[in-house]
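In order, the protein sequences belong to chains A and B. Under the numbering used here, think of the first position of the first sequence as 9, with each following residue one higher. Under the numbering used here, think of the first position of the second sequence as 9, with each following residue one higher. In what follows, a single structure is set out as C-alpha cells and then discussed.
Protein chains: 2
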Amino acid sequence: MRVAVAGYSNTKFSLDETPIENLLVSATKQLFHNTKNLEQKDIDAVLVSTNNVKRYLAPVLSELAGIAPKISHSVENMCNSGTNAIVSGFSYIASGMADVVLITGAEQAENPGQILDWDSSRGEFQHPIFWGTIFTKSHKRKFGTTDEELAYVSALNHKNAQDNPYAYNPKQYTIQEISESKRITEDLRLLDCSRSCTGSSAILLASENVAKKYTDSPVWIEGIGQKTTSAGFTKNDLTSIESTIQAANQAYSMARIRPNNIDVVEIHDAFSVCELMILEDLGIVPKGKAAKLVPELYNTNNKKINPRGGLMGAGHPLGATGVAQIAEITSQLQGLSQKRQVENAKIGLVQNMSAAATSSTVLVLKN
Amino acid sequence: MRVAVAGYSNTKFSLDETPIENLLVSATKQLFHNTKNLEQKDIDAVLVSTNNVKRYLAPVLSELAGIAPKISHSVENMCNSGTNAIVSGFSYIASGMADVVLITGAEQAENPGQILDWDSSRGEFQHPIFWGTIFTKSHKRKFGTTDEELAYVSALNHKNAQDNPYAYNPKQYTIQEISESKRITEDLRLLDCSRSCTGSSAILLASENVAKKYTDSPVWIEGIGQKTTSAGFTKNDLTSIESTIQAANQAYSMARIRPNNIDVVEIHDAFSVCELMILEDLGIVPKGKAAKLVPELYNTNNKKINPRGGLMGAGHPLGATGVAQIAEITSQLQGLSQKRQVENAKIGLVQNMSAAATSSTVLVLKN
Numbered sequence: 009m010r011v012a013v014a015g016y017s018n019t020k021f022s023l024d025e026t027p028i029e030n031l032l033v034s035a036t037k038q039l040f041h042n043t044k045n046l047e048q049k050d051i052d053a054v055l056v057s058t059n060n061v062k063r064y065l066a067p068v069l070s071e072l073a074g075i076a077p078k079i080s081h082s083v084e085n086m087c088n089s090g091t092n093a094i095v096s097g098f099s100y101i102a103s104g105m106a107d108v109v110l111i112t113g114a115e116q117a118e119n120p121g122q123i124l125d126w127d128s129s130r131g132e133f134q135h136p137i138f139w140g141t142i143f144t145k146s147h148k149r150k151f152g153t154t155d156e157e158l159a160y161v162s163a164l165n166h167k168n169a170q171d172n173p174y175a176y177n178p179k180q181y182t183i184q185e186i187s188e189s190k191r192i193t194e195d196l197r198l199l200d201c202s203r204s205c206t207g208s209s210a211i212l213l214a215s216e217n218v219a220k221k222y223t224d225s226p227v228w229i230e231g232i233g234q235k236t237t238s239a240g241f242t243k244n245d246l247t248s249i250e251s252t253i254q255a256a257n258q259a260y261s262m263a264r265i266r267p268n269n270i271d272v273v274e275i276h277d278a279f280s281v282c283e284l285m286i287l288e289d290l291g292i293v294p295k296g297k298a299a300k301l302v303p304e305l306y307n308t309n310n311k312k313i314n315p316r317g318g319l320m321g322a323g324h325p326l327g328a329t330g331v332a333q334i335a336e337i338t339s340q341l342q343g344l345s346q347k348r349q350v351e352n353a354k355i356g357l358v359q360n361m362s363a364a365a366t367s368s369t370v371l372v373l374k375n
Numbered sequence: 009m010r011v012a013v014a015g016y017s018n019t020k021f022s023l024d025e026t027p028i029e030n031l032l033v034s035a036t037k038q039l040f041h042n043t044k045n046l047e048q049k050d051i052d053a054v055l056v057s058t059n060n061v062k063r064y065l066a067p068v069l070s071e072l073a074g075i076a077p078k079i080s081h082s083v084e085n086m087c088n089s090g091t092n093a094i095v096s097g098f099s100y101i102a103s104g105m106a107d108v109v110l111i112t113g114a115e116q117a118e119n120p121g122q123i124l125d126w127d128s129s130r131g132e133f134q135h136p137i138f139w140g141t142i143f144t145k146s147h148k149r150k151f152g153t154t155d156e157e158l159a160y161v162s163a164l165n166h167k168n169a170q171d172n173p174y175a176y177n178p179k180q181y182t183i184q185e186i187s188e189s190k191r192i193t194e195d196l197r198l199l200d201c202s203r204s205c206t207g208s209s210a211i212l213l214a215s216e217n218v219a220k221k222y223t224d225s226p227v228w229i230e231g232i233g234q235k236t237t238s239a240g241f242t243k244n245d246l247t248s249i250e251s252t253i254q255a256a257n258q259a260y261s262m263a264r265i266r267p268n269n270i271d272v273v274e275i276h277d278a279f280s281v282c283e284l285m286i287l288e289d290l291g292i293v294p295k296g297k298a299a300k301l302v303p304e305l306y307n308t309n310n311k312k313i314n315p316r317g318g319l320m321g322a323g324h325p326l327g328a329t330g331v332a333q334i335a336e337i338t339s340q341l342q343g344l345s346q347k348r349q350v351e352n353a354k355i356g357l358v359q360n361m362s363a364a365a366t367s368s369t370v371l372v373l374k375n
C-alpha cells in the first residue's frame, strides 16, 4: 500500500510561551483549514511528536480537535521525533491498520527536555554546543574548512528563511556579521547554531485508496531509512555521520534513486558544520566538497538546499522540525512554495537527526 | 505478514528507586537470556514504553544493550503506552519495515508523570481516585453492586498474585481485610486500588519469516483493536467503557473470534470496579453480571482472569503494564505459566487502558 502526504500545515515559529496544547491545536486546525474534504471522523490515528513532558497529549489534542481516533500516542526521540512519528504513521497505513493518520509536532522554546541528560557530563558546555564544537574542529582539521566557508552555511539558511513566512527570525546576515557574532567556543559563534524555538506543524498521511479525496497532488513517501548508531557520539568518526549514511542508503534503495536524482533537500543543520557533513554523507557532493558548494548556492540564489531556511533560519522547535521538513518538501513537490519554489522539483529528500547525529531518518518523496 | 511474540521477560516489580535506564536494561538483558539465538544485530527496532520524562531513552537503551537498530523511539500514552508500542511494533513488521522489534516498558513508582495534569481540576482528589470513585458509585447505583462484591475483585487479584514471582506484593487478603482497609473516598478503600510501582518488562516481536529462530512456540497477534473516545471521561456513560467496547469489537472481528472463545484474559483492573466493567464490556459476561462471576472464580480457584494478579496484585508500573500483560498471555499460551497456568489455553486476550478508560487497546493472541 503506497502512502501519501495528503495535507500539511505550519504555524509561525517564535520565542513565545504558548502552551503545548495550544500549539498542537493551532497546527491541527490549520491542517483542517488547508485540506479539502477532511472530516474528524476520517482520522484513524493521531500521533503527537514532542519532547514536552506533559502526558497523554495525543488524546488531549484529539479531544480538543473533535477527533476520536483508534490509535493515539506521543512519539519522542529528541530532535528527530517528527520523522519517527511519520515513519510510524507510514507503517500503520502500509500494514493496513489505518487509512488516514494525523501527525502533529510541537515544541516550546523553553522546554527543559532539550538536553540529553544521559550524556551531559562531558565538559564545560551543555551537550549540543559540545558536540557541535568537536564536529567543527574535526571538519576543519581534516578538510581545511574555513570559518568563512562555515559562515556561508548560516548566511544561506538565513537568506532562504527570508521567503519563509513561518520562520521565527527571517533576518538576513552578511558573512561579516556571522563571522563577528558572539563567540561561544573556539570554533562556534552564535550564528553558527540553530535556535530552539516555539512552533508546531502537522501533516496528514493517507493511503493511496483515499489520498485523492484530500488533495489533487498527493506526494508519495517512496523511500525510508533509519539508523541509530549509538547514544554516545564519540564512538563515531567525527567528520561524517554514520547514522545518516546508513539511513540514506536504505532510503535510496527503497526509492530506487541516486543522490543526483534529488531536486530539493531539507537537512538538519543543527550547526553550520552539520550541513556540510550531511550534504557529503547523503552523497549530494563528494566528501570534503560541501564547503565549496554552499557559497555557490548562496551567490546564485539557488534554493535547492533548505529552501525554508533550515533549522538555523526557520528555527528549531524540536518535535515540530521533522514534520515541518516534510511539509516543506511536500509543498515544493506540489509547486506551491511561491518565492521559495525550486523549479520543476520532482524528487525531494528529508534528513532529520538527533543527539549529536547518533540517530537519523532519511525520507525520499516523489510527486 | 503475521506477527509473533517470540520472546519476553519480566523483572520483579517493587517500590525501589531504580533509575529508569537500569530498569530498561534489566528487562532487556533478561529477554536476551530467555530467548534462544537472539543476537543484537537481529533487532531492527527498539521501542521504549514509558511515562518517564527522560529523553532519548530508546537510543540510550540500545547503546547500553549493544543494539544499533534502524528504528528507535519512546511511545507514551499514559497507562496503555505498552500496548501502543506493541501495536506500533506490529505495524512495522506487518508493513515489511522490520522483521524483529524489541519493546521494553519501564516505570518508576515515583515518576511524577502519572497524573493527567490536563484533567486535574475536577475536585478534591487527584484524577485517578476521582474517576475510580465515580465509576464505582455509578456501578453500584445502576446494578446494585455491593462493597463485598467489589472486595472479591481485589481478593481474587491478590490471590492470583501469590503465584506470580514478579508481583511487588504477593500477599493474600481476606474479604474482611479488604472491606476494612483504609477508606479513601465514600466508595473506594485502599485495597480497591491498583498501586503504581517500579518495574520493567520486555517482549520481542518477530515476523513469521524469522519467529521460529527464536522460539519453538510462537504466539501470534491475531486481533488488534484501539479506540480513543475522549480525554475527558465524563462525556462517557459512567457504567461502561466505550473505548474498550469499540476496541474489542475491532479485535474480535480481525481475529474472527467471539468472547466465549477466550481462554485467558489480562484486564486493566485500575480499581475493583474496572474489572467488573471490563469483563462486561468485553462481552465475557452480560452487562451487570460480572459481580456474580468474580466470587465464583475466587472460590473455585479459577485463574482465567488476570492469572498474574492484575494491576492490583502484581502492581502497576505504567509503561511496563501493557508489556507485562502480553508477556503473561504469551507464557499462558505456551503452557509455561507453572502454578498460574490456565489449562489448555489456546486463545488469550489483553485489555489495557488509560486515563479513566478514555482510550483502550484490546489484543487477541493465539498459539
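For glycine and all other residues, C-beta sits at the position ideal for the given N, C-alpha and C. Computed from a prediction, not measured in an experiment: that's the story for all the values here.
Check: Other residues of its chain near Leu31 (chain A): CB distance less than 6 Å, five sequence neighbours each side excluded; Outcome: Ala114 and Ser208
Check: Met361 (chain A): contacting residues in chain B (beta-carbon distance under 8 Å); Outcome: Those within 8 Å of Met361 (chain A) in chain B number zero; the least Cβ separation is about 11 Å.
Check: Close-in-space but distant-in-sequence residues of the same chain around Val161 (chain A) (CB under 6 Å, 5 per side omitted); Outcome: Ser280, Glu283 and Val302
Check: Interfacial residues, the region 54–85 of chain B to chain A, with Cβ spacing under 7 Å; Outcome: Asn59, Val61, Lys62, Arg63, Tyr64, Ala66, Pro67, Val68, Ser70, Glu71, Ala76, Pro77, Lys78, Ile79, Ser80, His81, Ser82, Val83, Glu84 and Asn85
Check: Spatially closest choice to Val273 (chain B) from B:Lys235, B:Gly330 and B:Ser70, by CA coordinates; Outcome: B:Gly330
Check: Distance, Glu230 (chain A) Cα to Arg10 (chain A) Cα; Outcome: 8 Å
Check: Where Thr182 (chain A) falls, given that 16 or more other Cβ within 10 Å makes a residue buried; Outcome: exposed
Check: N- and C-terminal bounds of the beta strand (DSSP E) containing Gly8 (chain B); Outcome: The requested residue 8 (chain B) does not occur in the structure, where chain B is confined to residues 9 to 375.
Check: Meets three-Cβ-pair contact criterion under 8 Å: the region 254–261 of chain A and the region 293–301 of chain A; Outcome: no
Check: Cross-chain neighbours of Ser238 (chain B) in chain A, by beta carbon under 9 Å; Outcome: Pro67, Ser70, Glu71 and Ala76
Check: Backbone secondary structure at Val370 (chain B) - three-state DSSP; Outcome: strand
Check: C-beta neighbour in chain A for Tyr100 (chain B), strict 8 Å; Outcome: yes
Check: 3-residue-minimum beta strand (DSSP E) runs that sit fully inside the region 57–107 of chain B, ordered along the chain; Outcome: 79–84
Check: beta-carbon Ile265 (chain A) near the ligand ZN non-hydrogen atom, thresh 7 Å; Outcome: The ligand ZN is absent from the structure shown, which contains no ligands of any kind.
Check: Pro267 (chain A) versus Pro294 (chain A) - alpha carbon distance; Outcome: 11 Å
Check: Given Gly104 (chain A) as reference, the closest of B:Val108, B:Leu110, B:Val95 and B:Thr112 once Cα atoms are compared; Outcome: B:Val95
Check: Candidates A:Cys201, A:Gln170, A:Leu110 and A:Thr91, of which the one nearest Met320 (chain A) by Cα; Outcome: A:Cys201
Check: Distance between Ile337 (chain A) and Ala169 (chain A) (C-alpha atoms, nearest Å); Outcome: 15 Å
Check: Distance between beta carbons of Ala335 (chain A) and Tyr100 (chain A), contact taken as under 8 Å; Outcome: The pair is not a contact, with the Cβ atoms about 19 Å apart (cut-off 8 Å).
Check: Completely contained alpha helix (DSSP H) runs for the region 157–197 of chain A, where each covers 4 or more residues; Outcome: 183–187
Check: Integer Cβ distance of Glu250 (chain A) from Thr236 (chain A), believed to fall under 8 Å; Outcome: Not confirmed; about 10 Å, so no contact.
Check: Contacts that Val95 (chain B) makes with chain A (C-beta to C-beta distance below 8 Å); Outcome: Ile79 and Met105
Check: 8 Å Cβ cutoff, Ser89 (chain B) in contact with chain A; Outcome: yes
Check: C-beta atoms of Thr252 (chain A) and Ala365 (chain A) nearer than 8 Å; Outcome: yes
Check: Residues near Arg130 (chain A) in its chain [Cβ-Cβ closer than 7 Å; skip 5 each side]; Outcome: Its pLDDT being 48, under 50, Arg130 (chain A) is placed unreliably in this model, and the value from its coordinates should be taken loosely. For Arg130 (chain A), where only same-chain residues beyond five positions count, the Cβ hits under 7 Å are Phe138.
Check: Status (buried if at least 16 other CB within 10 Å, exposed otherwise) for His166 (chain B); Outcome: buried
Check: Span separating the alpha-carbon of Asn310 (chain B) from that of Ser189 (chain B); Outcome: 25 Å
Check: CB contact below 8 Å: Asn30 (chain B) versus chain A; Outcome: no
Check: Rounded C-alpha distance that separates Glu118 (chain A) from Asn172 (chain B); Outcome: 44 Å
Check: Interface residues of chain B facing Thr36 (chain A) [CB-CB closer than 7 Å]; Outcome: Near Thr36 (chain A) there are no residues of chain B at all, since even the closest Cβ is about 14 Å away, more than 7 Å.
Check: Contacts of Thr206 (chain B) in chain A (Cβ-Cβ under 7 Å); Outcome: By Cβ distance, chain A contributes nothing, its closest Cβ being about 18 Å from Thr206 (chain B), past 7 Å.
Check: Any C-beta of chain A under 8 Å from that of Ser367 (chain B); Outcome: yes
Check: Exposed unless 16 or more other CB atoms sit within 10 angstroms - verdict on Leu198 (chain A); Outcome: exposed
Check: Lys374 (chain B) at chain A interface by Cβ criterion, 8 Å; Outcome: no
Check: Helix, strand or coil at Gly231 (chain A) according to DSSP, with G and I counted as helix; Outcome: strand
Check: Any chain B beta carbon closer than 8 Å to Lys20 (chain A); Outcome: no
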